[in-house]
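Below is one structure; the comments refer to it alone.
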């Protein structure tokens with residue numbers, strides 16, 4: 299279908315839709331007889347006033363107020379009782395006045411507020427440019443590009459990104475429609491989920507002082523390496539609570555976690571617990587019951603972050619977004635468009651959480667972090683017809699994954715597949731050549747390097763990931779599931795390489 303960038307009209311329509319959702323019944327159609335004429339006129343006047351004055355920030359705040367109100371009447375609202383945002387967020391962040399610009403309030407008309415180049419971007423049409431440019435239809439997503447003339451690249455992008463947030467809410471709400479719905483006030487967008495993780499460290503964790511006294515976070519290795527990077531960059535103490543790795547199970551050790559939470563102190567509080575589900579590199583999804591036990595633990599007055607970058611491959615019914623919708627205020631769930639949606643190049647990450655916690659993230663971020671190309675592509679990718687295509691791709695990848703698992707275990711020199719393989723990769727052991735019952739990390743590393751470099755096999759290099767130095771992953775390679783042809787080439791080269799590398 300043709301590609302359309304987000305226009306001001308689209309934004310205004312989304313604002314009107316947001317008003318209708320925030321104030322249902324305040325703007326009935328003229329043909330409705332649900333109220334006396336005078337009352338109906340009053341309602342229409344009210345809605346017209348709101349639509350004229352409501353800004354994206356206002357929508358977010360009203361949605362926040364509506365969410366809070368709903369939770370007050372929801373018997374599951376405000377979970378858990380012991381949680382206090384004031385005790386988790388750094389005081390200087392709580393008192394922070396967010397950077398505001400005129401574009402937060404007004405997004406159409408003659409825009410002379412942001413010192414932009416009003417004549418257009420360096421890519422604006424010129425006589426010379428038009429002679430060299432590709433036809434517009436070849437700049438559409440179907441041809442691997444987009445029509446740059448429709449993006450208004452000389453203008454800053456929307457600070458609020460309400461249309462994308464609404465698309466994401468509609469999609470996630472449709473999965474379990476019986477639960478309280480997500481709203482744009484429950485959604486934060488970042489430059490990839492890595493930016494969101496770093497921002498969570500900065501809003502919650504006080505850096506250590508010269509004596510090493512400061513806030514701490516808990517991670518559960520083997521896990522995604524950026525958690526450690528964020529902790530080191532922000533000078534935050536990191537506590538490792540390893541997963542139960544026996545037999546490749548990779549389950550959360552709740553007893554050990556509870557013990558560490560008990561040791562948190564006023565001088566070194568534990569502000570974040572970070573779980574990866576499905577895990578990277580484990581491919582194992584953490585049960586929602588386990589997550590609820592951590593959320594409800596009275597010893598933990600921090601934020602539980604569940605990184606669900608790969609959840610689309612596991613099944614959205616396993617997502618902790620369900621718990622956000624049930625009213626858990628001490629939970630952030632992060633998603634990305636890089637994996638299941640196949641949009642790693644646009645760098646768009648998503649966080650779902652309570653409206654008050656999301657507002658803290660919005661208060662802290664820079665105003666224009668989501669670029670216009672990212673915004674337009676993200677909006678297009680989250681429309682209902684595009685979602686169907688994404689779901690078809692995910693289904694095909696999962697089919698290839700199941701086939702690849704069966705083929706890998708037939709290769710001499712490979713051992714067990716570890717974890718639940720609920721992501722788009724497989725974690726598999728490389729065994730010793732001389733002792734086939736023992737895993738061999740050195741051989742696994744040699745296989746990884748040999749396959750990635752030009753070799754005497756004369757085949758295309760194939761890059762997988764060596765993970766053999768991580769807890770519970772000794773001798774392991776992590777293999778991304780590719781197309782069926784890519785998987786076939788992988789199997790052929792891997793079998794030949796294992797015959798050469800002893």
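Residue numbers (our numbering): 299 to 800. C-beta: ideal position from N, C-alpha, C; glycine also. A quick note: this is a predicted structure, and the numbers were derived from the prediction, not measured.
Sorted by chain position, which residues of the same chain lie with C-beta nearer than 6 Å to residue 672's C-beta, five sequence neighbours on each side aside?
-> Excluding residues up to 5 positions away in sequence, 644 and 646 lie with their Cβ nearer than 6 Å to the Cβ of residue 672 in the same chain.
Whose CA, out of 636, 702 and 599, lies closest to the CA of residue 627?
-> 599
In terms of DSSP beta bridges, what is residue 476 paired with?
-> Residue 476 pairs with nothing; no bridge assigned.
Classification of residue 415 by the beta-carbon crowding that lies within 10 angstroms, buried from 16 upward = exposed
At what residues does the beta strand (DSSP E) containing residue 776 begin and finish?
-> Where residue 776 is concerned, the enclosing beta strand (DSSP E) stretches over 774-778.
Taking the CB atoms as reference points, tell me whether residue 661 and residue 396 lie closer together than 8 Å.
-> yes
Using the beta-carbon count (16 or more within 10 Å), is residue 387 buried or exposed?
-> buried
Would you say the stretch 461-480 touches the stretch 687-695, given that touching needs at least three Cβ pairs under 8 Å?
-> no
Residue 649 - containing beta strand (DSSP E), residue span | 647-651
Cβ-Cβ separation, residue 503 to residue 532 (assumed contact under 8 Å), whole Å | 6 Å
Would you decide whether residue 620 is buried or exposed? Buried here means 16 or more other CB atoms lie within 10 Å of its CB.
-> buried
Looking at C-beta atoms only, is the number of pairs between the stretch 605-618 and the stretch 580-597 that lie closer than 8 Å three or more?
-> yes
In whole angstroms, what separates the C-alpha of residue 469 from that of residue 682?
-> 8 Å
Which one of 459, 718, 700 and 794 has the shortest CA to CA distance from residue 680?
-> It is 459 whose Cα lies nearest to the Cα of residue 680.
If we ignore side chains and look at the alpha-carbon of each, how far apart do residue 500 and residue 556 end up?
-> 24 Å
Could you tell me how far apart the beta carbons of residue 595 and residue 559 are, in whole angstroms, since I believe they sit closer than 8 Å?
-> The distance from the Cβ of residue 595 to that of residue 559 is about 6 Å, consistent with a contact at the 8 Å cut-off.
Can you give the beta carbon distance from residue 742 to residue 728, rounded, assuming they're within the 8 Å contact cut?
-> 4 Å
Ignore the nearest five residues each way along the sequence and tell me which others in residue 745's own chain have a CB closer than 8 Å to its CB.
-> 728, 775, 792, 795, 796 and 799
How many Å lie between residue 547 and residue 716 at the Cα?
-> 7 Å
State yes or no: is the C-beta of residue 836 within less than 8 Å of the C-beta of residue 590?
-> Nothing can be reported for residue 836, as the shown portion of the chain is limited to 299 through 800.
Grab me the residues of residue 789's own chain with a C-beta within less than 6 Å of its C-beta, minus the 5 sequence neighbours each way, in chain order.
-> 705
Cα separation between residue 489 and residue 649?
-> 11 Å
Enclosing alpha helix (DSSP H) for residue 554 [first to last residue] | 552-560
Using the beta-carbon count (16 or more within 10 Å), is residue 473 buried or exposed?
-> exposed
For residue 628, which three-state DSSP category applies?
-> coil
Residue span of the beta strand (DSSP E) that contains residue 700, given as start and end | No beta strand (DSSP E) holds residue 700; the alpha helix (DSSP H) holding it covers 682-706.
First through last residue of the alpha helix (DSSP H) which encompasses residue 749 = 739-750
Exposed unless 16 or more other CB atoms sit within 10 angstroms - verdict on residue 783 = exposed
Could you tell me how far apart the beta carbons of residue 566 and residue 513 are, in whole angstroms, since I believe they sit closer than 8 Å?
-> 7 Å
Go ahead and pull the three-state DSSP assignment for residue 486.
-> strand
Excluding the five sequence neighbours on either side, which residues of its own chain have a C-beta within less than 6 Å of the C-beta of residue 763, listed in chain order?
-> 776
In the DSSP assignment, find the beta strand (DSSP E) that holds residue 789 and state where it starts and stops.
-> Per DSSP, residue 789 belongs to no beta strand (DSSP E); it is in the alpha helix (DSSP H), 782-798.
What do you get for residue 351, buried or exposed, if any count of 16 or more other CB atoms within 10 angstroms of its CB means buried?
-> Low local confidence applies: a pLDDT of 44 at residue 351 is under 50, so the model's placement there is unreliable, with the coordinate-based value given in what follows. Under this definition residue 351 is an exposed residue.
Mind checking which residues open and close the beta strand (DSSP E) that includes residue 729?
-> Neither: residue 729 is in no beta strand (DSSP E) and is coded neither H nor E.
Have a look at residue 511 and residue 562 and give me their C-alpha separation to the nearest angstrom.
-> 12 Å
Helix, strand or coil: how does DSSP classify residue 569 here?
-> strand
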